[in-house]
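First comes the structure, then the notes that go with it.
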Amino acid sequence: MSAATETISKQESSSSLWLRQIGAIVRLEMEKNFFGRRSFLIYLIALLPLLPLLVLAIVVPPSNEWRDFNWLSGFYAAFYGGLILRTVVFFGCAWIFMNLFRGEIVDRSLHYYFLSAVRREVLVVGKYLSGLITAIVLFTGTTVVSLLLLYLPRFYSQSVRYFIEGQGFKQLLTYAGITILACIGYGAFFLVVGLFVRNPIIPAVVLYGWEWLNFLLPPLLKKISVIHYLNSLAPVPVSEGPFAVVAEPTPAWIAIPSMMLVTVIVLAIAGRRIKHMEVRYGSD
Amino acid sequence: MTHVNDQLIIFNDVSKFYGEILGVNRVNLQIAPGITSLVGPNGAGKSTLMNLMTGLLRPTKGTIKILGISVDDPERLFRKVGYCTQFDSFPRGVTGRELLVSFLLVAGFKRKQANELALQALERVNLVEAADRKVAGYSKGMRQRIRLAQAIAHEPVVLILDEPLNGLDPMVRSETIALFRKLAAEGLHLIISSHILHEVDMMSDRVVLLNNGYIVAQGNVHGVRDEMEEHPMQIFIRCDNPSKLASFVFAQDHVVEARLNEDRGGLFIKTRDADRFYLLLNQAVANGEINIEAVAPVDDDLSAVYQYLIGNSGGAA
Chain A
147 MSAATETISK QESSSSLWLR QIGAIVRLEM EKNFFGRRSF LIYLIALLPL
197 LPLLVLAIVV PPSNEWRDFN WLSGFYAAFY GGLILRTVVF FGCAWIFMNL
247 FRGEIVDRSL HYYFLSAVRR EVLVVGKYLS GLITAIVLFT GTTVVSLLLL
297 YLPRFYSQSV RYFIEGQGFK QLLTYAGITI LACIGYGAFF LVVGLFVRNP
347 IIPAVVLYGW EWLNFLLPPL LKKISVIHYL NSLAPVPVSE GPFAVVAEPT
397 PAWIAIPSMM LVTVIVLAIA GRRIKHMEVR YGSD
Chain B
1111 MTHVNDQLII FNDVSKFYGE ILGVNRVNLQ IAPGITSLVG PNGAGKSTLM
1161 NLMTGLLRPT KGTIKILGIS VDDPERLFRK VGYCTQFDSF PRGVTGRELL
1211 VSFLLVAGFK RKQANELALQ ALERVNLVEA ADRKVAGYSK GMRQRIRLAQ
1261 AIAHEPVVLI LDEPLNGLDP MVRSETIALF RKLAAEGLHL IISSHILHEV
1311 DMMSDRVVLL NNGYIVAQGN VHGVRDEMEE HPMQIFIRCD NPSKLASFVF
1361 AQDHVVEARL NEDRGGLFIK TRDADRFYLL LNQAVANGEI NIEAVAPVDD
1411 DLSAVYQYLI GNSGGAA
């Protein structure tokens, strides 16, 4: 063995080596996620909910509801569930996490990782974490800024009191927490999809439909979705309409660990898949 | 204690199929340190063998061990192995130095050591001046060299190089061949694929000839040539009396053809036993029967071996 590689193998335990390797992968991938060619679309998706709120901040709608401070929390719950969670976070995570491996295959650069002295499972963890940090920074930012953008321009002093002394801050943290959980769950799913499927758009659309139709599903099937657990955590319940099949929300102490467990299982599947993965760009 | 197999690259009955299409079939190989060249036409299976050796492909059947390490264990494998692929693609937007440093960091090197190793590798391939330019702006030869630098940066003991001389100008080619020789002299395994036969002939300790996914011959070029009994060895002898030499050698049972050169100053012979022929020639000279100016084997090189075993079926060489 060369002197250079001897220093790696002798100087430390596997776990500290893996941690350093994960750190290197995260840094490398974050640079791509934030400043790469594909990052433009992510910024566009993240900014999407802010545009209507900016317009609403400038042009106040004539209806009386917009003059009612208490009405805003219900509006935000619907806005968050419909646009931010189901659309922005969903498609944002799809783009970020599917490209972690699929993007490398398209760019024909995956072999650089595969030819490095790093376990492929470590590579999965590093890439997943980089995607997760990117998604959390962008979409939690979207969540927080959109909430503030809804309240502050029209009820400034009341809103400041609401966020500092009232329930506002707790709500803000809860929404941010739901966004983070969504990034964790959707991220793991889309990472795996990017590893298994050549055209990930199809499974993304199928899951999108499944998540949207969740309100129509019987209680047992509702539990086979990410959105059911996320909705269960929402601080302000939103009516799903007259045709919705009502199911008991899953308590947070079950919802959060369940999602974490599923994420770990999905990542283990990704690790197993990548361990046996071949690099054959021609056929991809 | 070091086991002998820990010094070898071993293919044990390895086959690789791409669906119905054959990549390589029933490959049994043991590769010792030194320069081993994989030679064969396009589609012969050279890159497939290299990709199998590095885990980029997985064998349909059989096992591969590199110095006792399974190719399924990249963490251990790539501390010892460097692979310069034929993929002419790079992560977007990186400079040459960033490419080397970032993947040294991924391999677990600390920043300071990664910077030092990257610089050493850049120096070895003469790319220091262009190190901080984007790889996308490199010429083909520079891209080839940065890939080579990436393969050697972590100081591997096994270096696998897929067509490493492609795109290099003659000066850099000879420098690169000299570098390969130096690395081989340091005890490294170098496995090189190339279709430029005279260069392979010049630098290789042994060759593996592939055609249509099968190994058709392996070993030292001269050893392989000696074993090709269906193709008698051609030798040219320039001497003062080629006619006399012709009548003298033609009486030997191992000489199958003797033909005077057009200028009548030399003789081409074909023999099934070159060693016996050289002995005979020595006797003739010792007896003062002829004066010899030069003796040269005509087809005791890789080109001839390739031509005899593979012919023009592939066309790459």
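Chains as they are written, first to last, in the numbering used here: chain A, 147 to 430; chain B, 1111 to 1427.
By construction, the Cβ of each residue, glycine as well, lies at the ideal position given by its N, Cα and C atoms.
- Setting aside the 5 residues that flank it on each side, G238 of chain A is surrounded in the same chain by I188, I191, A192, A281, L284 and F285, each with a C-beta closer than 8 Å to its C-beta; the list follows chain order.
- In the three-state scheme derived from DSSP, where H, G and I count as helix and E and B as strand, N345 of chain A is classed as coil.
- In this structure, the beta-carbon distance from L413 of chain A to Y259 of chain A does not fall below 8 Å.
- In the displayed model, R418 of chain A falls within a helix according to three-state DSSP.
- Straight across, the Cα-Cα distance linking N1351 of chain B with G1376 of chain B is about 8 Å.
- Taking 7 Å as the upper bound on Cβ-Cβ separation, chain B lies near residues R166, Q167, A170, I171, L174, G182 and R183 of the stretch 166-184 of chain A.
- Here M1281 of chain B is exposed: its Cβ has fewer than 16 other Cβ atoms, across all protein chains shown, within 10 Å.
- Looking only at B:L1210, B:L1118, B:I1287 and B:L1269, the smallest Cα-Cα distance to A1142 of chain B is reached by B:L1118.
- Contact check for E357 of chain A against F243 of chain A fails: the beta carbons are separated by 8 Å or more.
- Beta-bridge annotation (DSSP): A1384 of chain B is not paired with any residue.
- In this structure, the CA atom of A1384 of chain B is about 30 Å from the CA atom of N1322 of chain B.
- Within the same chain, Cβ atoms closer than 8 Å to the Cβ of P1184 of chain B are found at G1165, the five residues on either side in sequence being excluded.
- Put simply, the CB of F1346 of chain B is far from chain A, with every gap to its CB atoms at 8 Å or more.
- By alpha-carbon distance to I204 of chain A, the top candidate from A:V338, A:Y321 and A:L295 is A:L295.
- According to DSSP, C1349 of chain B shares a beta bridge with B:I1402.
- By the Cβ test, the stretch 1157-1173 of chain B is not in contact with the stretch 1201-1213 of chain B, since fewer than three Cβ pairs between them sit closer than 8 Å.
- The criterion of a C-beta distance shorter than 8 Å is satisfied by Q167 of chain A and G1218 of chain B.
- Within chain A, L261 have C-beta atoms less than 7 Å from the C-beta of T1164 of chain B, given in sequence order.
- Bridge pairing for F1121 of chain B: B:L1139 and B:I1174 [DSSP].
- Cβ proximity to chain B below 9 Å picks out nothing from the stretch 342-372 of chain A.
- The beta carbons of D1272 of chain B and G1251 of chain B sit no closer together than 8 Å.
- Under the criterion of beta carbons closer than 8 Å, L1289 of chain B and L1269 of chain B do not qualify as touching, at roughly 10 Å.
- Exclusion of the five residues before and after S185 of chain A leaves N179 as the residues of its chain whose Cβ lies within less than 7 Å of its Cβ.
- Given a length threshold of 4 residues, each whole run of the alpha helix (DSSP H) inside the stretch 1167-1240 of chain B is given here in chain order: 1184-1190, 1206-1216 and 1221-1234.
- Looking at the DSSP output, I326 of chain A shares a beta bridge with no other residue.
- Taking 8 Å as the CB threshold, V425 of chain A lines the interface with chain B.
- For R266 of chain A, the chain B residues whose Cβ falls inside 8 Å of its Cβ are P1184, in order along the chain.
- Contact between the stretch 216-235 of chain A and the stretch 319-335 of chain A is established, with three or more Cβ pairs separated by less than 8 Å.
- With respect to I1174 of chain B, F1127 of chain B sits apart: the two C-beta atoms are not nearer than 8 Å.
- For the set B:D1242, B:S1353, B:Y1388 and B:A1231, the Cα lying nearest the Cα of R1374 of chain B is the one of B:S1353.
- Using beta-carbon distances, Y1248 of chain B does not count as an interface residue toward chain A, since no partner is under 8 Å.
- Within the stretch 1296-1361 of chain B, the complete beta strand (DSSP E) segments at least 3 residues long are 1299-1303, 1316-1321, 1324-1329 and 1343-1349, listed from N- to C-terminus.
- Just so you know, the alpha carbons of Y1416 of chain B and N1330 of chain B end up roughly 13 Å apart.
- Interface flag for L284 of chain A against chain B is unset, since no Cβ pair is found closer than 8 Å.
- For T1146 of chain B, the enclosing beta strand (DSSP E) begins and ends at G1144 to V1149.
- Around the beta-carbon of F342 of chain A, fewer than 16 other beta-carbon atoms lie within 10 Å, marking it exposed.
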